[in-house]
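**Q** Add 900 to a position in the sequence shown, counting from 1, and you land on the number used in the numbering used here. Idealized CB from N, CA, C, for every residue including glycine. Small disclaimer: the values here were computed from a predicted structure and weren't measured. Structure below; questions to follow.
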Amino acid sequence: MSDLRDFVADLMEQQGAAVDTLEPDGLEVIAPDAVRAAFGWPELARLGFGAQLPPAAQRVGLEGDWLERFETVLGGHGRRAERQIDIPQTPVLTDPERVLRQALDLPNAVWRFQGQQTVWTRLVLIAFRTTAVSDEKRENILWMGFNTGSGAAIGEALTRLYVTPDSASSWRAPDPAVREAASPAWDAATLEARVRPALDAAVEAELAPFLNAMRRRLARDHTRLHCYHDDLRRESMRRLRGLEGTSGAKAESDRQRERARIAAIEREYGAKLDDLRHNYALRVTVDWIQTLEAFVPVQRLAVLVRRRKGERLIHLDWHPIARRAEPPVCDWGPGSSVTRLVCDQRLHLTEAGGQDPCPGCSRPFCRACHPAACPRCGKAVVAGVERLN
Ligand SMILES: [Zn+2]
Ligand SMILES: [Zn+2]
């Protein structure tokens, strides 16, 4: 639990508290009034973090409401941060075309390498907390990253690498000159246009195992419920058939009783199904928690893309810290693979599905050119991602 002790010690010192260590695994804190009020501490608070508490110490742990109270003290601090990552030297690629052959797959276009340049670029790395609640609860942290210089979504592996840097590269506040040299920040509208579809896809992928497990439990409960009520109903039907052909007041009242029982079984089954629906109703919330802007050196490869008579210059960055290229820019779809189809009109690069035939008129069209509907028959485009409501 020493990580938590270090965190609390740092947090308290930032808040202007005097902090001393106590053994075993404890802290002695003289905190300012506001902090003491938030935590309900005396003037001299003795805190314990381990299995064994120092004498007269109060226990602090991840359980209970401690994390929420720390959040109160932290407020919005740490939600946005900027870092510059330095490496001793950015290597120039000796065979950039080989890198491009692995990083770029254009089945319906050709490309030509135009040149490479060492530049600073600005990455936007954003963290979201996803919470899914149905009959069970699942929480997770999702990171996604974009390169504002090349326009690419840099993918999970690169994003993870930049948010958990190793000791080989140095992290520090960005130099004004580096910030100036790097690509400009995206405005809110651009960021939203990029983040929203990527987030939908990421949330769906992240929830898929949870949803599948939930669907299995739902199917199991449904089957069990059905079998139970079906057995009861069959039993009543069998008795009803046994009464066929008999007459008299007793037989008639038996028949009525069985019919009433069958109706009651059906009602109960309907009510139980409603309960099931209610128990398994899924609620997903996604909250933004942190944005990190990282200024990093990259090797920028200029590539000319040709499709029929059209040409388009794109940039694809090679990240020396990861020794790998980012995925190519993608004008439609999350773009996590290296394959892109190129559209005829404006040479958009899209995922394969972005040039699919229209489900209405069967003619292919570019979803980046026409995001809302088919230009020929007007059939609305349904988002590639199943909406989770
Ligand atoms: Zn159509
Ligand atoms: Zn297009």
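1) Kindly indicate which residue of C1269, L1182, V1282 has the alpha-carbon position closest to the one of T1030.
2) If you measure between the beta carbons of A1009 and V1229, is that distance less than 8 Å?
3) Assign C1277 to buried or exposed, taking buried as 16 or more other Cβ atoms, counted over all protein chains shown, within 10 Å of its Cβ.
4) May I ask whether a heavy atom of ligand 2 can be found less than 7 Å away from the beta carbon of R1246?
5) Please name the residue in F949, P924, L1099 whose C-alpha comes closest to that of E963.
6) Check Q914 in the structure and name its three-state DSSP category.
7) If we ignore side chains and look at the alpha-carbon of each, how far apart do E1152 and E1144 end up?
8) For the beta strand (DSSP E) that contains Q1002, what are its first and last residues?
9) Within 8 Å, do at least three Cβ pairs link the stretch 1037 to 1053 to the stretch 1092 to 1102?
10) Among the residues of its own chain, which have a CB less than 8 Å from the CB of L911, if the five just before and after it don't count?
11) Taking the straight line between their C-alpha atoms, what separation do you get for R1159 and L1140?
12) Leaving aside the five residues before and after F1293 along the sequence, list all residues of the same chain whose C-beta is less than 6 Å from its C-beta, in chain order.
13) Whose C-beta lies closer than 8 Å to the C-beta of G1055 among residues of the same chain, with five residues either side of it excluded?
14) Going along the chain, which residues put their C-beta within less than 5 Å of some heavy atom in ligand 1?
15) What residue ranges within the stretch 1049 to 1115 form continuous beta strand (DSSP E) runs of no fewer than 3 residues, ordered along the chain?
16) Let me check you understand the geometry: is the CB of C1243 closer than 7 Å to at least one non-hydrogen atom of ligand 2?
17) First and last residue of the beta strand (DSSP E) that includes W1043?
18) Report the rounded CA-to-CA distance for L1111 versus V935, giving the unit in angstroms.
19) Where do the ends of the beta strand (DSSP E) carrying Q1190 lie?
20) Can you find a heavy atom of ligand 2 that lies under 7 Å from the Cβ of A1268?
21) Which of the three DSSP states is assigned to H1215 in this structure?
22) Comparing C-alpha positions only, which one of R1124, R946, Q915 sits nearest to E923?
23) Out of Q1190, C1269, R1022, R1207, state which residue places its alpha-carbon closest to the alpha-carbon of A1052.
**A** Considering the structure as presented:
1) L1182
2) no
3) exposed
4) yes
5) F949
6) helix
7) 10 Å
8) Here Q1002 belongs to no beta strand (DSSP E); instead the alpha helix (DSSP H) covers 996 to 1003.
9) yes
10) F970, V973, L974
11) 8 Å
12) The question about residue 1293 has no answer, for the chain in this structure spans 901 to 1289.
13) G1045, E1226, P1227, S1236
14) C1258, G1260, C1261, C1274, R1276, C1277, K1279
15) 1070 to 1072
16) yes
17) 1037 to 1047
18) 41 Å
19) 1183 to 1207
20) yes
21) strand
22) R946
23) R1022
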